[in-house]
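Chains as they are written, first to last, in our numbering: chain W, 1 to 358; chain E, 1 to 358.
Cβ coordinates follow ideal geometry from the N, Cα and C atoms, glycine included.
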Ligand SMILES: Cc1ncc(COP(=O)(O)O)c(C=O)c1O
Ligand SMILES: Cc1ncc(COP(=O)(O)O)c(C=O)c1O
């Protein structure tokens, strides 16, 4: 694809780039963004690149009232050769279209958007940081823009991709966190929107998150909404346990988001011939394993942290330590391998990374 | 409160008012809107009245990503004296603050907002239509505006009230509709956000709504998410049944929105000494009552339609008629009484209506 196939509106003055060693998460944005529109009748427009800047919405725009939105999150890394590479971006495009279906938003062509994203990142390549642990966070999102207060799917949408250089999730080294098992609030239920990456799922968790942090916990461990027994996710991550030598992660039950990191970890474990089970796992089973010493490791998995070791979990006021509260050796190995592949420090036998060539 | 206590920024030119006899729902907006802001540290600002016009948001504004929003809906009516009156607006303010708590949005002073709303409606009084069945729809809404992609409650918000003159819900007379009992998708679950009026609850229902309308049904009848047995709501309305002389409506179980219309109907029925039960009611019980002839009436209740008679319901492909499919006599009486009080045609022994005096 040549540089001329996508419209690019330039800005007069570029922003000053931030200090790479103190990057926050999701607060600094690059000079440009991708934009494309949907109109009933004509479908999705061609993507174009425009200066990063405010979105104007009518006060009656549907997104402000009925939450018909979808987003994604992935990262671009500076590799050892100084090139920029993405990690499994086609998985994010596929998941985004699945989210669109659940939210009654028209699907789009993932390849077209990936090409536009490559071009956007190429334009913004000087924004991709190279300090250890840093990356360029990529946030595609879609909003419903019809000006109408009726409760039905919008007839127009806007699709954006914005880019944010982000610091290391672990500036002081990977460290296990305390989590709180939530037994009052729920994140999602089968038949609801839990399998989609849509806004409402996230703000729905704020009450529980505030409760957890007030009691000194970093994240919420979500249980299923129906029996309040089965483990679903931790914060905005999928969750894994090592019990008696075997890796267990909750099966995709209809209320869990299918993480790209989760999928990659399962594929890695298979390649290492380590048994991994996708099945139901109850909080009672977890407590039992902790008590009899077979709970060997526990960690969350998602794009932001890649792997986040769990040091202890609190259920109904009782705290249960995961072994000695240190990062487990398999957890560490998975973190090193996934980040190594993502940044090009390690070989990529799976073909997961995509170097940006425009 | 004097006219001078609220800041009012005037516009140069007023819009042309629409034809009152062909008003759509929620597409036409008045000249002005109310606006107030929240900033961490300083709290909610004073409300002000500004020209109706676009809202500018940074592409990273939280509302576009994590769905932290709340809204309300109520109506202002032109009464027999030509004055404008609201129906139980303090109930909407209370519910809005309950929604705020569930969505981790700071609460506001309901009285301050009601005073500002009165002033806004007074300014816009020529927009309140007087044709039978018409009204001025009032839409308060709050959006989270912090520019940050982190998943946590925003530190800034904007609160708007916009006004839309709307036509009769029943331009051709009140008419029973066919509804579809949804047994796959869910609207809400205990511990989730179903008791709050937040955007995500509404777009979550679009898949089911599209399914229902494809099979010729006007609305979805929602079942509980856990057992898929107990009736919750119909579309965006609460639901009532008359079974064997007794009125039954689902009890507020933690996943149902507490409607102002529902509350008013229960209070009216009490005043008429008609037995009304707030309890669990299963779809099987409803089918049983239909089969043995004791299901006498069924209707939805909400601000938009006030009362919406149900002519039949379809469950797992089988359609069940509610009596002869006509509007029941109690349904009709409730509709006439509530709309009569709302518009000032009937006495208001409950003190439900508030005439706008500024
Ligand atoms: C709810 C939820 N679960 C899990 C994940 C992990 O998915 P991924 O590995 O694709 O980042 C995410 C975030 O991305 C999420 O939002
Ligand atoms: C989900 C839901 N249920 C019920 C209602 C009825 O509430 P009210 O009578 O206050 O309009 C509404 C709408 O207003 C609603 O959105």
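Residue nearest to residue i in terms of C-alpha spacing, selected from the options
i	options	result
residue 29/W	30/E, 60/E, 184/E and 49/E	60/E
residue 122/W	348/W, 190/W, 333/W and 32/W	32/W
residue 274/W	245/W, 219/W and 42/W	245/W
residue 124/E	15/E, 179/E, 87/E and 93/E	15/E
residue 199/E	243/W, 269/W and 103/W	103/W
residue 337/E	355/E, 70/E and 268/E	268/E
residue 362/E	151/E, 174/E, 235/E and 204/E	Residue 362/E lies beyond the stretch modelled for chain E, which goes from 1 to 358, so this question has no answer here.
residue 127/W	188/W, 17/W and 231/W	17/W
residue 292/E	222/E, 322/E, 210/E and 224/E	322/E
residue 115/E	7/E, 130/E and 68/E	7/E
residue 342/E	141/E, 329/E, 201/E and 303/E	303/E
residue 19/E	11/E, 166/E and 296/E	166/E
residue 227/W	110/W, 210/W, 265/W and 184/W	184/W
residue 146/W	204/W, 84/W and 66/W	66/W
residue 144/W	315/W, 56/W, 85/W and 69/W	69/W
residue 137/E	139/W, 148/W and 142/W	148/W
residue 110/E	286/E, 172/E and 46/E	46/E
residue 208/E	194/E, 230/E, 193/E and 181/E	181/E
residue 289/W	176/W, 313/W and 271/W	313/W
residue 135/E	271/E, 93/E, 26/E and 141/E	26/E
residue 195/W	72/W, 328/W and 319/W	72/W
Below-8 Å beta-carbon distance, residue i vs any chain W residue
i	result
residue 20/E	no
residue 58/E	yes
residue 207/E	yes
residue 164/E	yes
residue 292/E	no
residue 248/E	no
residue 160/E	yes
DSSP three-state assignment for residue i, whether helix, strand or coil
i	result
residue 257/W	coil
residue 272/E	coil
residue 293/W	coil
residue 244/E	coil
residue 138/W	strand
residue 209/E	helix
residue 230/E	strand
residue 352/W	coil
residue 299/W	strand
residue 277/W	strand
residue 88/E	coil
residue 323/W	coil
residue 180/E	strand
residue 338/E	helix
residue 236/E	coil
residue 223/E	strand
residue 358/E	coil
Chain E contact for residue i (CB, 8 Å cutoff)
i	result
residue 189/W	yes
residue 71/W	yes
residue 54/W	yes
residue 157/W	no
residue 308/W	no
residue 232/W	no
residue 89/W	no
residue 103/W	yes
residue 99/W	no
Per-residue burial, residue i [other beta carbons within 10 Å of its own, 16 or more giving buried]
i	result
residue 284/W	exposed
residue 259/E	buried
residue 279/E	exposed
residue 197/E	buried
Contacts of residue i in chain E (Cβ-Cβ under 8 Å)
i	result
residue 225/W	189, 190, 191, 192, 225 and 226
residue 184/W	191
residue 65/W	69, 71, 139, 141, 199 and 202
residue 340/W	Going along chain E, no residue has its Cβ under 8 Å from residue 340/W, so there is no contact; the nearest lies around 25 Å.
residue 133/W	By Cβ distance, chain E contributes nothing, its closest Cβ being about 17 Å from residue 133/W, past 8 Å.
Per-residue contacts from residue i into chain W (C-beta, under 9 Å)
i	result
residue 371/E	Residue 371/E lies beyond the residue range present for chain E, which begins at 1 and ends at 358; the question has no answer from this structure.
residue 153/E	203, 206, 209 and 210
residue 177/E	Correct list: empty, because the minimum Cβ distance to chain W is about 15 Å.
Chain-ordered neighbours of residue i on chain W, where CB pairs are closer than 8 Å
i	result
residue 33/E	59
Residues that residue i contacts on chain W, provided the C-beta gap is smaller than 7 Å
i	result
residue 268/E	Within 7 Å Cβ-Cβ: nothing; residue 268/E doesn't reach chain W, min ~26 Å.
residue 7/E	Result: empty, since nearest Cβ-Cβ is about 18 Å, beyond 7 Å.
residue 148/E	26 and 27
Any non-hydrogen atom of ligand 3 closer than 7 Å to residue i Cβ
i	result
residue 237/W	This structure lacks ligand 3; the ligands present are ligand 1 and ligand 2.
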